[in-house]
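Below is the structure:
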């Protein structure tokens, strides 16, 4: 029996233990050994998955089979060359403050000697978690283990870069991944009888008649968010997300997750409880290039911590390489080239979100990883939750607005800010180059079926469905899209587009990571002011959305979404204007609406005030926003639909002829055309 008891916002799951005669036929919990993990139960989880779940768990992400260059042979107790088609286990863990193991040519050679791990000086240098993972691998009747610290050398930068790109496929190719979430590499995995110390598990058990009630220490999202430092680290993010079978050591007990089920050590065999297995990555890897889905992945990753900030790109390169099969052109410093014109104007995810500029550490050059730059124009250069933007493609009836972006300039990239025109690579945003052609229905796109609409109502509260320009009257469905009812978007799309057939033979396609951008665009200078709704509360600096005003008229022309409280200090509060007669609303609902619908704030700047900061903005692209009207009485979005067109802009500052992004925002299209503008050759660094 599984019940939920809610108190003070915390949900506790209760399990009923079996009685002495064991005749009950419902979910039961096991009272665990307080000292040792039940390895027999773990072996059964693995056996059940391999024998019963088939292709659903063998390669759910259809990632190319990868054999690592080197593997740990737990029988020969040494590092050996990887062999084609050999099964191997992978380890995902956190280093901690120091790993205590630095791979170099001499150590690599010694580790390849048979029984190297029995040598006392080698054994003393192997962190406990790595040694314990070898023990678990052997007890699961597997021979080979892949551990980054032992199997990736850092003496050859080219080979290191290749191995980093392969990391995503390595974890996806492993027969299972051991995920050590309790502590770091130096603390080990407790509760392994024969090699580690007792786990000292304190299971909460209460008498209940002739039986016992067991209070669980984990919940439905524990295997996603976990509540331990492991889940807050950047490097472990792609490892956790791409592994097909996961053996967790979490909160001193063992847990299993594959594509078919979750199993927990404190449940009796066959017992089931409510589970959550993240669906969005699978959808993104099915060939559907949805900007909001990859944006959710990036937002989640970018809030994680990295010991070395310059590892922001290397830490996600493996996953981006896998995603590149769905996103034509791949990713340039984390920005999908397919949607480059929109994603370049990324912002913090909420009006109160704080971003921190990443700065290069003082790590010795020989220890630095390839592609360790932190360009200001990419989210890679900033730590925190970000939003890449949206493109009207997949229909989500929960949304009251939809967006479509249109290019205004051509973008180029190169490795040097002084690169000549011939040395620059043109960035092709395939989505914008062909979208109107896809909408027209003049080309045959396999896999799609047009479905006529019997009603204009959507699936949420009967609200009218809103369509982008050139669409309507019918929707499109693809044979490879399986609707997930627990996920907001439907399986309907506004228009068809090419969906690549992705298989395990489909390889990644990533561009060279060049950190400078070039364009011939337009710039303008505007005034910035904070909304005045929080004037009386000097401690409230959570709202980072400010108004942009025309330097001549003082009229509000758009908004800028700042990154940090430090940036916010640069801008004064707006004065109450005669035209409004009241302070601009500033609660989070209003700010969210302003951001979603790209509205202007009711602010007029005092152009005579010379203290107002004048900032430089440059045009990136144009976005059309279609919005429903909110009916407060009916508490639903309805007609009439509204259309707003804005120019996406970057606030930049120049240093030595190179411009650096400070924030992004928008200016209404009609206002942009009225501003004083001039052409500029932009170099973004």
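Numbering (full-length UniProt numbering), first residue to last: 1 to 685. Built from N, CA and C at the ideal position, the CB exists for glycine as well. All values derive from a computational prediction rather than experimental measurement.
Buried or exposed by the 16-neighbour rule on C-beta atoms within 10 Å, applied to residue i
i: residue 426; result: exposed
i: residue 569; result: exposed
i: residue 443; result: exposed
i: residue 163; result: buried
i: residue 294; result: buried
i: residue 632; result: exposed
i: residue 644; result: buried
i: residue 367; result: exposed
i: residue 523; result: buried
i: residue 121; result: exposed
i: residue 433; result: exposed
i: residue 136; result: buried
i: residue 473; result: exposed
i: residue 713; result: Outside the shown range of the chain, which is 1 to 685, sits residue 713, and nothing can be said about it.
i: residue 673; result: exposed
i: residue 114; result: exposed
i: residue 609; result: exposed
i: residue 479; result: exposed
Rounded straight-line distance, which links the Cα of residue j to that of residue i
i: residue 671; j: residue 509; result: 40 Å
i: residue 177; j: residue 415; result: 37 Å
i: residue 476; j: residue 435; result: 15 Å
i: residue 651; j: residue 616; result: 6 Å
i: residue 14; j: residue 35; result: 22 Å
i: residue 516; j: residue 419; result: 9 Å
i: residue 389; j: residue 470; result: 21 Å
i: residue 124; j: residue 356; result: 38 Å
i: residue 505; j: residue 211; result: 53 Å
i: residue 117; j: residue 127; result: 12 Å
i: residue 201; j: residue 33; result: 8 Å
i: residue 679; j: residue 248; result: 56 Å
i: residue 410; j: residue 335; result: 15 Å
i: residue 601; j: residue 618; result: 20 Å
i: residue 563; j: residue 290; result: 25 Å
i: residue 63; j: residue 548; result: 46 Å
i: residue 194; j: residue 230; result: 25 Å
i: residue 88; j: residue 146; result: 7 Å
i: residue 379; j: residue 398; result: 27 Å
i: residue 648; j: residue 59; result: 40 Å
i: residue 681; j: residue 626; result: 32 Å
i: residue 324; j: residue 396; result: 24 Å
i: residue 251; j: residue 38; result: 14 Å
i: residue 57; j: residue 214; result: 31 Å
i: residue 686; j: residue 494; result: For residue 686 there is no data in the structure shown, the boundaries of the chain being 1 and 685.
i: residue 688; j: residue 302; result: The structure shown does not extend to residue 688, since the chain spans only 1 to 685, so no value can be given for it.
i: residue 224; j: residue 636; result: 32 Å
i: residue 620; j: residue 312; result: 24 Å
i: residue 375; j: residue 456; result: 45 Å
i: residue 370; j: residue 429; result: 25 Å
i: residue 159; j: residue 203; result: 47 Å
i: residue 363; j: residue 228; result: 26 Å
Unbroken beta strand (DSSP E) run spanning residue i, endpoints
i: residue 212; result: 211-215
i: residue 434; result: Note, residue 434: premise wrong, no beta strand (DSSP E); alpha helix (DSSP H) at 430-440.
i: residue 374; result: Counting along the chain, residue 374 falls outside any beta strand (DSSP E), and DSSP gives it neither H nor E.
i: residue 45; result: Premise fails: residue 45 lies in the alpha helix (DSSP H), 39-52, not in any beta strand (DSSP E).
i: residue 478; result: 474-478
i: residue 405; result: 401-407
i: residue 686; result: The chain is shown only over 1 to 685; residue 686 falls outside these bounds and no answer can be derived.
i: residue 682; result: 678-684
Heavy atom of the ligand SAM within 7 Å of residue i beta-carbon
i: residue 455; result: Although the ligand SAM was asked about, the structure shown includes no ligands whatsoever.
Delimiting residues of the alpha helix (DSSP H) encompassing residue i
i: residue 162; result: 157-173
i: residue 525; result: Here residue 525 belongs to no alpha helix (DSSP H); instead the beta strand (DSSP E) covers 516-529.
i: residue 241; result: 235-242
i: residue 148; result: 148-151
Bridge-paired residues (DSSP) for residue i
i: residue 261; result: Partner(s): none; residue 261 has no beta bridge.
i: residue 335; result: 332
i: residue 253; result: 250
i: residue 548; result: 528, 558
i: residue 225; result: According to DSSP, which records beta bridges pairwise, residue 225 is partnered with nothing at all.
i: residue 266; result: Answer by DSSP bridge pairing: none, since residue 266 is not bridged.
Any chain B beta carbon closer than 8 Å to residue i
i: residue 250; result: Chain labels in this structure do not include chain B; a single protein chain is all it has.
Next on the checklist: Quick check for students: name the residue ranges of the beta strand (DSSP E) that lie wholly in the region 553-639, counting only runs of 3 or more.
Outcome noted: 556-561, 614-631, all fully within the region 553-639.
Checklist entry - Counting only runs that start and end within the region 283-349, where is the alpha helix (DSSP H) found for 4 or more residues in a row? => result 291-302, 317-323, 340-343
Checklist entry - Going along the chain, which unbroken runs of the beta strand (DSSP E) with 3 or more residues stay wholly within the region 61-114? => result 70-73, 78-81, 89-92
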